[in-house]
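Sequential numbering of the sequence shown, starting at 10, is according to our numbering. All residues carry an ideal CB built from backbone N, CA and C; glycine is no exception. Please read all numbers here as calculations on a predicted model, not as lab measurements.
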Amino acid sequence: MTYFTFLLLFIGIPLTILLWLTWRDWRAGLQQPQRLAGYNPWWVLLAHVVVAVVYTTPWDNYLVATRVWWYDPNLVTGIVLGWVPIE
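This is the structure in structure tokens:
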């Protein structure tokens with residue numbers, strides 16, 4: 010299994026479901042609980058994605074650079090962000 014396939018299964022599908030649920034609730038006019046009413050759900054979802062990438066990228070790069078783990082060159086595209094393949 011390539012890393013893109015893994016990402017599709019374990020990140021892409023749940024993210025698609027969350028996007029669909031957010032869109033469905035927004036289209037139906039469902040309101041958020043009062044304490045969350047000031048937050049736009051699209052910005053909240055985007056913030057979660059940004060935090061996940063910003064938080065994990067330095068740590069992943071450190072671990073790959075120090076050879077704690079590695080990526081099989083046959084299973085990645087070769088496009089990297091620091092030491093870590095983009096996928």
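{"Check": "Backbone CA spacing between residue 48 and residue 18 [nearest angstrom]", "Outcome": "29 angstroms"}
{"Check": "Other residues of its chain near residue 69: CB distance less than 6 angstroms, five sequence neighbours each side excluded", "Outcome": "93"}
{"Check": "Alpha carbon of residue 81 to alpha carbon of residue 10, nearest angstrom", "Outcome": "11 angstroms"}
{"Check": "For residue 62 and residue 37, the rounded distance between their alpha carbons", "Outcome": "31 angstroms"}
{"Check": "Residues near residue 95 in its chain [Cβ-Cβ closer than 6 angstroms; skip 5 each side]", "Outcome": "88"}
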